[in-house]
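Here is the structure we will look at, set down as structure tokens.
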Amino acid sequence: MGALEAELIFTLEREGRTLFTVEDAGEILNTSEEALRVVLWRLASKGRIQRVKRGHYLLVPARAGHETRWSEHIFSFIGEILDEYYVGYWTALSHWGMTEQIPRTVFIATTRRRRDFTYSDTVPIHYVTVSRHKFFGRATEKIGDHEFHISDREKTIVDSLDLPQYAGGVPEAAKGLLQQPDWQRIAEYADRLGNRTVHKRLGYLMETLELSPPKEVVERLRRGIGSGYSWLDPTAPKEKIESNPRLRLKINLDTRAFLP
1 MGALEAELIF TLEREGRTLF TVEDAGEILN TSEEALRVVL WRLASKGRIQ
51 RVKRGHYLLV PARAGHETRW SEHIFSFIGE ILDEYYVGYW TALSHWGMTE
101 QIPRTVFIAT TRRRRDFTYS DTVPIHYVTV SRHKFFGRAT EKIGDHEFHI
151 SDREKTIVDS LDLPQYAGGV PEAAKGLLQQ PDWQRIAEYA DRLGNRTVHK
201 RLGYLMETLE LSPPKEVVER LRRGIGSGYS WLDPTAPKEK IESNPRLRLK
251 INLDTRAFLP
């Protein structure tokens, strides 16, 4: 590593800065624009920094993925890159302890389309673009001194049933229902999302897992079912095992997939 490269890395680490701009690097090194471009290019090619948007770079820990917990490291800086976002889907299921799985990809919901990237060549960051009316149910958590936004427990469950392809499938989302969620909030969120398939999947899971939400929640979800048929799990092979005419579902998973 060259002297200027080492100086930039050392200064950023000493000051505890994860995200920095081209202007920040220029102030640290006090060198020509051409030399600065070369330094940034070399560090990026060596995997010590990563460009995340125009003029903005991330400092990549030397032992990322080994001694550091990559998920916590990403949570600590994601708020500096995005304005409207929340960590969601399978990543949020893992954060809230609703699944024993540790997803390799970090899923982030945002209202603006963004390009996915891979952090430190090992951790895929996948942006899920959601409609404005689906952007609600955020909680704020902390990693060290850094705050980040994440879907709350009930929104995590409902989002995962809305788009199970980002949650490891419906069986993963179902695990959250076993942890005594706020059923009134579940029903409210399902209505706000506006996807009738979520109501159907919730109804099926409540019956299959023998859950006992309040009667008014059951009735509210039943009213949102609609008339068309939907697949229980779009991530599983579309081979119908049976139909549930009451819930308007085509069942393509064995019930054993949902047993704890």
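For the sequence shown, counting from 1, position 242 maps to 242 in UniProt numbering; every step adds exactly one.
The beta carbon of each residue, even a glycine, is placed where N, CA and C say it ideally should be.
In the DSSP assignment, F10 falls within the unbroken alpha helix (DSSP H) covering A3 to R14.
In the structure shown, Q184 adopts helical secondary structure according to DSSP, grouped into three states. For A139, the uninterrupted beta strand (DSSP E) segment begins and ends at R138 to I143.
The continuous alpha helix (DSSP H) containing E172 extends over residues V170 to A174. In terms of Cβ geometry, E172 and T105 do not form a close pair [threshold 9 Å]. Between D116 and P103 the beta-carbon gap is near 14 Å, outside 8 Å, which marks them as no contact. For V128, DSSP records a beta bridge to A109. DSSP places R51 inside the beta strand (DSSP E), whose first and last residues are I49 to K53. In its chain, beyond the 5 residues on either side, L205 and F258 have a beta carbon closer than 6 Å to the beta carbon of A174. Residue state for S227 is assigned as coil, using DSSP reduced to three classes. Distances from the CA of L58 to each of Y89, I9 and L29 were compared; the closest alpha carbon is that of I9. For V87, the uninterrupted beta strand (DSSP E) segment begins and ends at Y85 to V87. For L209, same chain residues with a beta-carbon under 7 Å away, outside a window of 5 residues either side, are A174, L177, L178 and F258 in chain order.
Each of E15, A109 and N252 was checked against the Cα of G137, and the nearest Cα belongs to A109. G228 places its beta carbon 9 Å or farther from that of H133. Annotation for T156: no beta strand (DSSP E) segment contains it, though the alpha helix (DSSP H) segment containing it runs R153 to D162. Here F135 has T111 as same chain residues with Cβ atoms under 6 Å from its own Cβ, once five neighbours each way along the sequence are excluded.
For F148, the closest of T18, R246 and S76 by C-alpha to C-alpha distance is S76.
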